[in-house]
Amino acid sequence: MKRASYIKLLTLAAIVAITLLQGLWTVNVYGLLQKKLSEQINDVFTISINKDLMNRRNAIVDSTTNEIVGVVEVSDEKGVFSGPELIYQEFLIKKNQPIQLRMLDSIFHSEISKHNIYGDFIINRINLQTGEVLETTDSLGKGKLANAMASEIIPIRLDGSEGVQVLLVSPYRAVFRKMIFILVLSQLLVLFVGYVVFFLLRSFITEKRLRKFQADFSHALVHNMATPLGTIMQINNLMTKDTFVADTEKRNKSLKVSQQQILNLQALTDRILTVARSEQSKLAPHFEPINISEEVKNIVDTYSLQGKKEIVFSTHFQPEAITFSADRTMFGNIMDNLIDNAIKYSGTSVRINIECLLSEDGLIISIKDNGYGVSDKDKRIIFAKFQCGEAIKRGEAKGFGLGLAYVKSVAEAHGGTINLFSQKGEGTTFELFLPYRDKITAFPLKTGNGEEKN
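Position one of the sequence shown corresponds to residue 1 (the working numbering), numbered consecutively onward.
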């Protein structure tokens with residue numbers, strides 16, 4: 001038990017650790033990409049300002065320009081001046097060519113797309129002394145946005161009174177766009193690790209459950225075999241005593257009990273072997289005409305002989321003599337399991353009502369008892385293998401959890417169904433339906449006087 005708890009705790013700790021490491025790694029990658037994105041935006045914005053400056057300079061350059069501001073070497077590709085840019089800005093303002101944010105915005109978007117950076121950008125002209133936005137490309141006219149990524153402010157006046165700045169409106173979208181491949185890959189890795197951990201945990205739980213099933217099965221098998229074997233041994237010992245043999249009534253009664261215990265052992269062995277065979281291969285019924293009424297009565301007579309509990313049977317057949325095509329052995333095992341369950345999951349006094357009806361669609365058999373009933377929880381698992389009801393868990397009954405699973409398998413092998421109707425504390429009804437193999441070869445319904453009914 002402690003080992004199972006340790007494994008669960010270690011598994012949970014491993015999942016939490018993987019999740020935390022994945023989260024830290026994602027945060028770090030996001031921070032690095034955000035920093036790189038900020039640097040790229042700053043570089044592209046600087047280039048865009050200088051290119052805008054060159055465009056305005058080329059529009060008014062004359063023979064006196066270089067004499068006023070000095071000789072400037074220009075790189076058209078990078079937009080970088082080797083001379084004092086602010087002097088040019090002042091000169092162009094005097095020439096009535098100040099910086100135009102719309103033109104700068106067009107140049108910036110053209111340059112930023114070369115770096116595969118996409119998003120909503122706005123450019124502001126700012127009063128560096130007061131921080132006031134003097135002009136903006138923001139359609140709302142605000143120029144200030146929460147959570148936006150802001151570039152460095154680049155001065156555009158020689159006295160440092162004004163500058164320009166670009167804002168990325170939704171930096172998260174731009175960063176995650178760059179992270180998409182890494183995120184998908186990491187999520188796939190987390191899912192793979194999670195699946196492996198889940199698979200290992202499920203394997204451990206399954207193994208633990210199988211060990212418990214094995215222990216419960218062995219215990220139930222020993223218990224079910226010990227009682228009849230003990231009874232047979234006692235009677236066998238009594239048979240060595242002359243006084244016992246001479247008492248004909250007591251001897252015959254004991255022999256009948258011994259015979260019943262032998263039949264119980266045989267039924268138990270047949271049930272286990274049948275379930276084992278059904279595990280190895282699909283059930284293949286051998287169909288033959290069966291006198292259903294006679295078969296049911298024989299099984300009822302057999303169970304009436306046992307003296308463990310007071311059992312009262314009532315049977316109803318419609319018609320009285322029912323003949324139906326099914327596997328004789330499997331049908332007997334089904335009825336044996338259902339009646340045995342009715343007795344096992346009941347108190348000291350058991351009333352069992354069996355109704356057999358031959359309808360136009362097939363054979364319907366209803367077995368109703370006054371036992372403990374089945375809880376809603378048990379209803380969901382009662383037809384599964386190795387699943388036992390609350391009565392077995394409480395020690396009120398013994399079983400392997402195989403009987404009803406076998407009943408369901410046999411019913412389905414015949415193309416039929418088995419249904420359960422029960423309320424806890426109010427008894428249980430099992431309804432078995434077996435259809436005709438085909439309508440043409442189906443046995444006709446018979447009335448009580450033996451006449452065929454079309």
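In this text, a Cβ means the ideal position worked out from N, Cα and C, and glycines have one as well.
Item: Taking SER170 as the reference, give the member of GLY403, LEU37, ARG125 with the closest Cα.; Value: LEU37
Item: Leaving out five residues before and five after GLY373 in sequence, what residues of the same chain have Cβ atoms less than 7 Å from its Cβ?; Value: SER422, GLN423, LYS424, GLY425, GLU426, GLY427, THR428
Item: Within 10 angstroms of its Cβ, does PRO289 collect 16 or more other Cβ (buried), or is it exposed?; Value: exposed
Item: Would you kindly report the start and end of the unbroken alpha helix (DSSP H) that includes SER422?; Value: Premise fails: SER422 lies in the beta strand (DSSP E), 417-422, not in any alpha helix (DSSP H).
Item: Just the Cα atoms here: how many angstroms apart are LYS282 and ASP376?; Value: 30 Å
Item: Taking the C-alpha atoms as reference points, what is the distance between GLN318 and GLN259?; Value: 33 Å
Item: Which two residues bound the contiguous alpha helix (DSSP H) that contains SER296?; Value: With the sequence shown as reference, residue 296 is identified as Val, and Ser is not the correct amino acid for it. Per DSSP, VAL296 belongs to the alpha helix (DSSP H) from 292-304.
Item: Which same chain residues, not among the five before or five after GLY119, have their C-beta less than 8 Å away from its C-beta?; Value: LEU168, VAL169, SER170, PRO171, ARG173, ALA174
Item: Return helix, strand or coil for PRO435, following the three-state DSSP convention.; Value: strand
Item: Using a Cβ-Cβ cut-off of 8 Å (strictly less than) and excluding sequence neighbours within five positions of LEU9, which residues of its own chain qualify?; Value: none
Item: For the alpha helix (DSSP H) containing PHE108, name the first residue and the last one.; Value: 101-113
Item: On a Cα-Cα basis, can you pick out the residue from ILE15, ILE367, VAL29, THR417 that is closest to ARG177?; Value: VAL29
Item: Would PHE181 be called buried (16 or more neighbouring beta carbons within 10 Å of its own) or exposed?; Value: exposed
Item: Pick helix, strand or coil for ASP159, following the three-state DSSP scheme.; Value: coil
Item: Suppose contacts are defined by Cβ-Cβ distances below 8 Å. Is ILE107 in contact with GLN165 by that definition?; Value: no
Item: At a cut-off of 7 Å, would you count TYR436 as near the ligand SAM, judging by its Cβ distance to the nearest heavy atom?; Value: The ligand SAM is absent from the structure shown, which contains no ligand whatsoever.
Item: Do you know how far the Cα of ALA13 is from the Cα of LYS309?; Value: 53 Å
Item: Over the uninterrupted alpha helix (DSSP H) stretch that includes ARG328, give me the two end residues.; Value: 328-344
Item: When the distance is taken between beta carbons, is PHE383 closer than 8 Å to ASP327?; Value: no
Item: Kindly indicate which three-state DSSP category ASN370 falls into: helix, strand or coil?; Value: coil
Item: Rounded to the nearest angstrom, what separates GLU294 and ILE311 at their Cα positions?; Value: 19 Å
Item: For LYS379, I'd like the list of residues in its chain whose CB is within less than 8 Å of its CB, leaving aside the five on either flank, ordered along the chain.; Value: LEU420, SER422
Item: Quick test of the definition: if touching needs 3 or more C-beta pairs under 8 Å, does the region 16-23 touch the region 86-93?; Value: no
Item: So within the region 17-54, which uninterrupted beta strand (DSSP E) runs reach at least 3 residues, ignoring any that extend past its ends?; Value: none
Item: Enumerate in chain order the residues of its own chain whose CB-to-CB distance from VAL410 is below 6 Å, with the five nearest sequence positions on each side excluded.; Value: MET330, ILE334
Item: Below 6 Å CB to CB, which residues in the same chain sit around GLU135 once its five sequence neighbours on both sides are set aside?; Value: LEU101, ARG125
Item: If you reduce the DSSP assignment to three classes, tell me which class PHE383 lands in.; Value: coil
Item: Quick one: Cα of ASP340 to Cα of VAL257, how far?; Value: 17 Å
Item: PHE313 and ILE343 - do their beta-carbons sit closer together than 8 Å?; Value: no
Item: Please classify GLN266 as buried or exposed, where buried requires at least 16 neighbouring CB atoms within 10 angstroms.; Value: exposed
Item: Excluding the 5 residues preceding and the 5 following ASP231 in the sequence, name in chain order all residues of the same chain whose CB lies nearer than 8 Å to its CB.; Value: A quick correction: the sequence has Thr, not Asp, at residue 231. Result list for THR231: VAL257, SER258, GLN261, in chain order.
Item: What's the call for GLY143, buried or exposed, on a 16-neighbour Cβ count within 10 Å?; Value: buried
Item: Which residues does DSSP list as the beta-bridge partners of THR11?; Value: Looking at the DSSP assignment, THR11 forms no beta bridge with any residue, so it has no partner.
Item: Assuming contact is defined by CB atoms lying nearer than 8 Å, are ILE154 and LEU128 in contact in what I supplied?; Value: no
Item: Would you kindly work out how many angstroms separate the C-alpha atoms of SER186 and PHE198, rounded to a whole number?; Value: 18 Å
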